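Residue numbers (the working numbering): 724 to 891.
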């Protein structure tokens, strides 16, 4: 399969709260972040009760919203030219006899800023240049998820255990 789509994310109220440079009023210069999503993948059945999914994806974002400055408890935000997220997802699900089911998935994600930009932080204020190719903060490169579940055959009761690993 393949698919493509467009999306946008409007600025949040907290991002609009302060104008750059300490000016009063809302930051109406912020634009929505626009994204272009592309994905190709393969889905297959494994016997009568299993399924395997593999997907490769890329998301390009223009006007990503980032911190412009952060000092004295006040943050203001700006748009930067672009970011890119690309990676792969692999997923497996299986139903077993006696009501047991399992799921396992892995995501590899490379999320970077495509162009450099400057942000200001601290007291006294220090300008920091974020170089092109820098990783987006707060986004794990590796994510592993697993689940084992048991379902009662007639009344809908189920119980399970799950685990998740996120890299730094």
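Yeah, the Cβ is synthetic: ideal placement off N, Cα and C, and Gly gets one too. Source: prediction; values computed, not measured.
Taking its Cβ as the centre, do 16 or more other Cβ atoms sit within 10 Å of residue 836, making it buried, or is it exposed?
buried
Taking only runs of the alpha helix (DSSP H) that begin and end inside the region 739 to 808, which ones reach a length of at least 4 residues, in chain order?
none
When burial is assigned at 16 or more other CB atoms within 10 Å of the CB, is residue 787 buried or exposed?
buried
Can you grab the Cα-Cα spacing for the pair residue 791 / residue 843, in whole Å?
6 Å
Report buried or exposed for residue 666, applying the criterion of at least 16 other Cβ atoms within 10 angstroms of its Cβ.
Any answer about residue 666 is impossible in this case: the structure gives the chain only from 724 up to 891.
With a CB to CB cut of under 6 Å and the five nearest residues on each side skipped, what residues in its chain are close to residue 834?
808, 859, 862
Quick check on the DSSP output: the beta strand (DSSP E) that includes residue 881 runs from which residue to which?
881 to 889
Just confirm the distance between the C-beta atoms of residue 789 and residue 840, as a whole number of angstroms; I'd bet it's less than 8 Å.
That pair is a contact at about 7 Å.
Reducing DSSP to helix, strand and coil, say where residue 822 ends up.
helix
Should residue 883 and residue 870 be called a contact, given that it needs their Cβ atoms to be closer than 7 Å?
Yes.
So residue 748 and residue 780 are in contact, right, with Cβ under 8 Å, and what is the actual spacing, rounded?
Your pair residue 748 and residue 780 does not check out as a contact, with CB atoms roughly 39 Å apart and the cut at 8 Å.
Could you tell me which of 873, 849, 853, 891 sits nearest to residue 867, measuring between CA atoms?
891
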